[in-house]
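*Asks:* Dropping the structure in here first, questions after.
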Amino acid sequence: DSGVTQTPKHLITATGQRVTLRCSPRSGDLSVYWYQQSLDQGLQFLIQYYNGEERAKGNILERFSAQQFPDLHSELNLSSLELGDSALYFCASSVEGVFGYTFGSGTRLTVV
Amino acid sequence: GENVEQHPSTLSVQEGDSAVIKCTYSDSASNYFPWYKQELGKRPQLIIDIRSNVGEKKDQRIAVTLNKTAKHFSLHITETQPEDSAVYFCAASISGYSTLTFGKGTMLLVSP
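Chains as they are written, first to last, in our numbering: chain A, 1 to 112; chain B, 113 to 224.
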C-alpha cells in the first residue's frame, strides 16, 4: 500500500455520461497530481493541486475538471465521456519541495 | 514546456544480460530525473532517481547516469532477472515544486 488511495478501482460507463474519480493523498502530502495513461500515450499529466489550489495544468480537456478539498482529498470529474477517454487514471501525491511522487493504484475507466 | 523522449520502446534480453534505456530532455533547467517501474496492472513505482549535481548513482543492480551537457540520462540494469520484466518510465522536472514530464515508456522483457 503506497498510502495514496484511489476509488473506485474500476468504472464502466456509457458514452455521454459523467463520472467522478477520487484520490486521498499520503498523510502530510499537500500536492496532488492527476495523470491519464492510455495504451500508447504513456503517462499524460492532467492537473496539479497544492493545498487546495490549482498549481499547474497539462493536457486536460475542457470536459474534465478537478478540485482539492480542505481535507486534501481530490476529485477528478470527467463529463460527456467518449470512447477515447477509456484509460487508467492515476493520482499521485508529494511533499512540496521534495522530489518524487507516490502513485495510487489507479482507476481503470472503460467507456462503452 | 519540457519534452522527454525515451528509447527503445521495447527491449528484449536474456536473463543475466544487461539492459540500457535512454532518455533525452529538452529543458536545460530540469534538474531532477527519476525512473519508475510499472508492472502489469500496477502503479508506477520509483526505483531510482538522480539530481543534476551528480553524474551517476547506483543501487545494487540498477544505476542511472546523467549527461547535462548532452541533456540525456540512462538507466542501466545489470544481471537482469525475469522479475525485472515491466514497463520503465523516465521523467524530468525542474524542481520539487514542478510536475514530472514522463517519457512514453520502455517495455523490458527478460527471458529465462
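Every residue, glycine too, gets a C-beta built ideally from N, C-alpha and C. This one's a predicted model, so the numbers in the text were calculated from it and none came from an experiment.
Just verifying my parser: in three-state terms, what is the DSSP assignment at D85/A?
*Replies:* Correct three-state label for D85/A: helix.
*Asks:* When DSSP labels each residue in this structure, what does D147/A get in the three-state scheme?
*Replies:* There is simply no residue 147/A to check, as chain A begins at 1 and stops at 112 in what is shown.
*Asks:* What does DSSP give as the partner residues of A92/A in its beta bridges?
*Replies:* According to DSSP, A92/A bridges with Y33/A, F103/A.
*Asks:* Compare the C-alpha of C91/A against each of Q126/B, P156/B, Q193/B, P224/B and name the closest.
*Replies:* Minimum Cα distance to C91/A is reached at P156/B.
*Asks:* Does DSSP put E62/A in a helix, a strand or coil?
*Replies:* The answer is coil: DSSP assigns E62/A none of H, G, I, E or B.
*Asks:* Give me, in chain order, the residues of the same chain whose beta-carbon lies closer than 6 angstroms to that of L187/B; leave out the 5 immediate sequence neighbours on both sides.
*Replies:* Correct list, in chain order: I133, W147, V176.
*Asks:* Name, please, each residue of chain A whose Cβ falls closer than 7 angstroms to the Cβ of R173/B.
*Replies:* The premise fails here: R173/B is roughly 20 angstroms from chain A at the closest Cβ pair, so nothing lies under 7 angstroms.
*Asks:* Should the region 113-121 of chain B be called in touch with the region 151-171 of chain B, which here means at least 3 C-beta pairs below 8 angstroms?
*Replies:* Segments in contact, no.
*Asks:* Relative to the C-alpha of S197/B, which candidate in E151/B, Y137/B, K183/B has its C-alpha closest?
*Replies:* It is E151/B.
*Asks:* Leaving out the 5 sequence neighbours to the left and right, which residues in its chain are closer than 6 angstroms to T20/A when beta-carbon positions are compared?
*Replies:* The answer, listed in chain order, is E75, N77.
*Asks:* Taking CB distances under 7 angstroms as the criterion, tell me whether Y200/B reaches chain A.
*Replies:* Not closer than 7 angstroms to any Cβ of chain A, the Cβ of Y200/B fails to qualify, so no.
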